[in-house]
Structure formats: structure tokens, C-alpha cells
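Following: one structure in C-alpha cells, then a few remarks.
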Amino acid sequence: MLLIYCPYCEEERSELEFRQAGDAHIARPTNMTEMTDEDFEAFFFLRDNVKGLTFERWRHLNGCGRFFNAARDTVSDKFLTTYKAGLPRPDLSTLRPATEAIVETYEATESDAK
Amino acid sequence: MRKYSVFAVAREAMRGHRGWEAQWTSPEPRKEYDVIIIGAGGHGLGTAYYLAKEHGITNIAVLEKGWLGGGNTGRNTTIIRSNYLYDESAGIYDHALKLWDGLSQDLNYNVMYSARGVMMLSHNIHDQQVFKRHIHANRLNGIDNEWLTPEQAKEFCPPLDISRTARYPINGAALQRRGGTARHDAVAWGYARAAADRGVHIIQNCEVTGIRRNPDGSVAGVDTNRGQINAKKVGVVAAGHTSVLMEMAGVRMPLVSYPLQALVSEPIKPIFPCVVMSNTVHAYISQSDKGELVIGAGTDQYSSYSQTGGLQIITHTLDAICELFPIFRRMKMMRSWGGIVDVTPDRSPILAKTPVPGLYVNCGWGTGGFKATPGSANVFAHTIANDAPHKINAPFTLERFRSGRLIDEAAAAAVAH
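Top line first, the protein sequences correspond to chains A and B.
Going by my numbering, the letters in the first sequence line up with residues 1336 to 1449, in that order.
Going by my numbering, the letters in the second sequence line up with residues 48 to 464, in that order.
Right under this line is the structure:
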């Protein structure tokens, strides 16, 4: 189970209190009635579905109830950082890359077994 | 390929089992193939098999970054059913179910398809209304599905607790008698053996690192860790990693990848005669021929490629199993594992051409792809061979997320399925 730091409560809490809420830093269009089908598809349905570092929204549902953003590695599930909604993407070069951590997943341990 | 039969078993028994040959070979990749399939799971190997068998295309490579059948094909709960609500889904899943019926004979490989019945439990009036709607819709599509009272459900599955004081009381069930299970590994192995026999190259430990394009945009081949391999047609059948591969061709997909977990108990004597599912409390259970109870949980709530999952997810499922079947409360769980499932917004698959000429994609099966393996492979082979979809998979396009013509099984089932 993940431990997630809520930037509003300023506390590390169990994953059970949180809910992932999709990609972060997506500006909701203000002209939806005028958008082309292509643009609406790209906004509403298409996802980068990143393998590796991703920026996403989380909600402290069973806590303060507020949305915040997180940088997470989707292979190791490790959170690099969490930050308040509305803030720009943090500079990750100051944070330790998640790939340096020991990752005991199938991907890391078995996928290149000969 | 030497045919498997009772005579082959007898012959080999006489000479110490020294004459069995390898089920498939591991050739060096050629420089060029007619078709490359990325992903040697059941759907990918099946696609190669049907391309060779029904469309006469045998110059095919199936590339697999790990080992054959080591992805979701080997990580599911092997449940087979076709009682989906919408006409499009009924068409493709029942096409698969009909192929399951003769698959062992077709492949000369025992896939252990067992039509032992799939029973879906109804716990409240909403379940009852939804299931009865499903039953009527299924029967209009010629798919068997029937309503059982709690007593009939208990008769069909004796370990079930139908008492009124149960934590999750049962007010009925929907039963598809043709539903059941099959041996997942045997499906991959059977397709691999039959495809290799027809000349298909199965290349394991070969990871695709790029998709090459011609100046006109069409597919030219793939880059792999074993060098460049050319082909005019490439089929991506990579389940949870579809987004990663399609990104190599510049195509963004309407997919999110989640871990989905399953677990098995210690083996016990035959006690559980059918498959039982409960959408409301989210548990799936059946008993394998080895005697293990095979239990399926829900997906994790956040996207991930980790091939593990949260412990609280399987704990929740076991809570439900123990309430539904109090007889299993003291059983020990032996193993649990996770697979990465690719989920579409409408929870229906995508089997289609893509905006890139020569690139085809078979993905989005979410949490329920195993049951569709033969049907999916069969119509995907048709799509690749003819550069046009079969009428069964014609609605499962990539463009439906632009046109809005969704096949909304997500709303129909109210859970991932």
C-alpha cells in the first residue's frame, strides 16, 4: 500500500484515503461547444498513459477532500513529490530520480531473463 | 508436427518418452516478414495462427519481449462467457465462445475448455433488474442466459450461502451454462504450436523499441533489441503496453493501464462445480482442475505498469469470498499476482486499423480479454489480411471516440469486466 504526502494536510497518509483523479496540468477548454471532434477526442478520451514519470491529480478524498498534484513513476509506483493544485510542474532535477531506487517488480527482475 | 493422440502417448510410453519433439522452434529473425505481430499472448499467437490457417499468410513473425504467454494470458482467472448486453459485444464474445467449443480439436492441443456454467450473483433489486435486462437482451441475440432463484443457485453451486442473514444476501442469479473456464497456458502453447507448424516464427526475448515508417507514413517495420525487422503490416497486440508501442508510431490511444490481481488457494478436492461472479461485491471464483480455488479481484484505482497491486484490493475480495462461501474461511492462499490491463473509456475493446497505413491494433480488452481470445484473434487476422475489418469487429474502431458511437459496456456492467 502506498503512503502519500498530502500537501494540504502536510502529512503522509495511507493510499486508502486517496483517489487518483487523472492527468495533471490539463487545461479544461472553455469553448467546448465550438471545439472540433478531433480536439474534443484528444481532450476527453486520449491519454498519454505514460510508462515512467507522470504528473497526475490526486484527491485526498477521505481526508481534507482537496485535489493536489503528484509526480509519480508508474513502473515503481514511487511518488517523487506532491504539490498543491495550481502550482507549476516542479523542477524534478532537484529530486532523486525514481529509477535509482531498487524496484522489485516483474519488469525489473524478470523481463530480461534469458 | 507430430500429431498428439492416444496412439502417440502409447508409442512414447513404449520408448521412454524420448520421441516428443519441441512444440515450437525458436528461429533467428529474418530481415523481412509479410506480417509482424507484436505480443505473443493468446490474442497475438491466435492472430498468427488464423492468418496462416484462414488467409494463407505464413511469412509471419510474432515478437515477444518476455516469454510466450507470460503476460496477461498467464495472469487471468480463465473465465469464459459471452453474456454481454450490447449487440456488438454479444457478436464478438459469442464468436469467441463458439470457437472455444472446437478449439482443442482445431489446434490438436487440449485447452481444457470446460463449459461448467458461469453464475453471476444478484444481491439487490438493482442487480436483479440489470441482470434480467441482460438475460432478455442475450436471448434476443441467441445467447443462453437464464434467471435462477436463490434456491436454484444454491442447487447449482452448493457451497453458496443464501441465508437471509448473510452479509451479502442473494436474491437470485443469472446463469450462462455455456460459460466456463479453459487452461490459459495451454491456449498460448496450443496456438504457438499450431502457428509454428504452419511456418510462423515465434521470437521470444525480442523487445520492439521503435516502429519504422516509410516517407508516405505507412509502416516499414520495427526496430528491436535483435535488430531491424521489416514488414508492410504490423499488428500491435500488447495489452497493457499498447500505449507505449503506439506512441512509437505517434498514435495517442484512449487507454489507461491498471494492475489487476488474481490469487489461488491451496489445492483441495473438487468442491466448486462452476464459476461464480459477483459484480456488486467484486469477486470471481472457480476451481481449477488442479484443485486450487482461482480468485479474481478488481483493478487498483490508480494507473500503473508495476504488475503488482495493492494488498487491500485482494483483501477486500477475500472478505467477499468468505462471506459468500463461509466454508472457505480457513483456506490458505498460495500465490497472488498482477497483470497490466488496458482499459478504454467505454470498457469495450479496439480491434481496428489505425491512422497509420499498415499498422493495426488489438487492445482495450481491459479486465476481460481471455474469454475473447479465439474470436478476437480470428477477426483481427481477417482485419490484417484484408486491410478491412470483419463485420464482427467493424464497430470496435479507434474512431468511435471521435464520432461518439461508443459501445458502452462500462455503463451496462457498472464495473470493469
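For each residue, glycine too, the CB sits at the ideal point set by N, CA and C.
With residue i as the anchor, note down where its beta strand (DSSP E) starts and where it stops.
i       : result
B:H231  : No beta strand (DSSP E) holds B:H231; the alpha helix (DSSP H) holding it covers 231-244.
A:Y1340 : 1338-1341
B:W114  : Unbroken run through B:W114: none, as it is neither H nor E.
B:G89   : Taken as a continuous stretch (DSSP letters only), B:G89 belongs to no beta strand (DSSP E), being part of the alpha helix (DSSP H) at 89-102.
B:H248  : 248-250
B:E79   : 79-85
B:I332  : 330-334
A:R1348 : 1346-1349
B:V266  : 266-271
Which residues in chain B have a C-beta closer than 7 angstroms to the C-beta of residue i? List them in chain order.
i       : result
A:L1351 : Q359
A:R1354 : Q348
Can you list the residues of chain A that residue i reaches, using a CB-CB cut of under 7 angstroms?
i      : result
B:V291 : K1386
B:P392 : F1380
With a CB to CB cut of under 7 angstroms and the five nearest residues on each side skipped, what residues in its chain are close to residue i?
i       : result
B:A233  : Y156, N157, V158, M159
B:D191  : Q223, R224, R225
B:T420  : G89, H90, G93, A143, V234
A:T1409 : V1385, K1386, G1387, T1389
B:G357  : D347
B:K316  : G338
B:N497  : Nothing about residue 497 of chain B can be reported from this structure: the residues present for chain B run from 48 to 464 only.
B:H231  : T120, G121, N123, T125, F417
B:I318  : P206, Q334
B:Q175  : S169, N218, G219
B:S350  : V303, S304, Y305
Which residues in chain A have a C-beta closer than 8 angstroms to the C-beta of residue i? List them in chain order.
i      : result
B:Y407 : By Cβ distance, chain A contributes nothing, its closest Cβ being about 18 angstroms from B:Y407, past 8 angstroms.
B:R299 : A1377, L1381, R1382, D1383
I'd like the span of the alpha helix (DSSP H) that includes residue i, first residue to last.
i       : result
B:N277  : Not the alpha helix (DSSP H): B:N277 falls in the beta strand (DSSP E), residues 274-283.
B:Y359  : It is worth fixing the name first, because residue 359 of chain B is Gln in this sequence and not Tyr. Looking at the DSSP string, the run of the alpha helix (DSSP H) that includes B:Q359 is 358-371.
B:F427  : 420-433
B:A200  : 197-203
B:R186  : 172-187
A:F1402 : Where A:F1402 is concerned, there is no enclosing alpha helix (DSSP H), although the beta strand (DSSP E) it sits in stretches over 1402-1408.
B:A143  : 134-154
A:D1372 : 1372-1379
Mind reading off the beta-carbon distance from residue i to residue j? Whole number of angstroms is fine, and I expect it under 8 angstroms.
i       : j       : result
B:L98   : B:A457  : Their Cβ separation, rounded to whole angstroms, is 31 angstroms, which puts B:L98 and B:A457 out of contact at 8 angstroms.
B:L302  : B:V390  : 7 angstroms
B:I249  : B:L115  : 6 angstroms
A:E1352 : A:M1336 : The Cβ separation is near 11 angstroms, so there is no contact.
B:S304  : B:G282  : About 19 angstroms separates the two Cβ atoms, so there is no contact after all.
A:I1339 : A:T1416 : Contact flag wrong, Cβ pair sits at about 11 angstroms.
Name, please, each residue of chain B whose Cβ falls closer than 9 angstroms to the Cβ of residue i.
i       : result
A:T1368 : By Cβ distance, chain B contributes nothing, its closest Cβ being about 15 angstroms from A:T1368, past 9 angstroms.
A:S1428 : Chain B residues near A:S1428: none, gap ~23 angstroms exceeds 9 angstroms.
Counting only the same chain and skipping the five closest in sequence on each side, list residues whose C-beta sits under 6 angstroms from that of residue i.
i       : result
B:V341  : T124, V311, S333, S335
B:G227  : I127, S161, A162, R163
A:C1399 : Y1343, C1344
B:T364  : A330, A344
B:T444  : A399
B:A184  : L132
B:G386  : N119, R122, L307
Mind listing the chain B neighbours of residue i? Cutoff is C-beta to C-beta under 8 angstroms, in chain order.
i       : result
A:E1373 : R449
Once you ignore the five residues that flank residue i on each side, which residues in its own chain have a CB closer than 8 angstroms to its CB?
i       : result
B:N188  : D134, A137, G138, D141
A:R1354 : W1393, R1394, L1396
A:K1449 : Because the pLDDT at A:K1449 is just 42, under 50, the model does not fix this residue reliably, and the value given afterwards should be weighed accordingly. None.
B:A471  : Lying before the first or after the last residue shown, residue 471 of chain B is absent from chain B, which here runs from 48 to 464.
Does any heavy atom of the ligand ATP sit closer than 7 angstroms to the C-beta of residue i?
i      : result
B:P421 : The ligand ATP is absent from the structure shown, which contains no ligand whatsoever.
| Listed from N- to C-terminal order along the chain, which residues in the region 301-330 of chain B have their beta-carbon within a distance smaller than 7 angstroms of any beta-carbon of chain A? | Listed by position along the chain: P301, L302, V303, S304.
| query | Taking a cut of 8 angstroms between CB atoms, which residues from the region 438-450 of chain B lie near chain A? | reply | Taking 8 angstroms as the Cβ-Cβ cut-off against chain A, the residues of the region 438-450 of chain B that qualify are F448, R449, S450.
| task | Identify each residue in the region 339-360 of chain B for which the Cβ-Cβ distance to at least one residue of chain A is less than 8 angstroms, and report them in chain order. | result | Answer in chain order: Q348, Y349, S350, S351, Y352, S353, Q354, T355, G357, L358, Q359.
| query | What residues in the region 123-134 of chain B have a beta carbon less than 8 angstroms from any beta carbon of chain A? | reply | Cβ contacts with chain A come from no residue of the region 123-134 of chain B.
| message | Tell me which residues of the region 1392-1410 of chain A have at least one Cβ-Cβ distance to chain B shorter than 7 angstroms, keeping chain order. | response | Near chain B, meaning a CB-to-CB distance below 7 angstroms, the residues of the region 1392-1410 of chain A are T1409, V1410.
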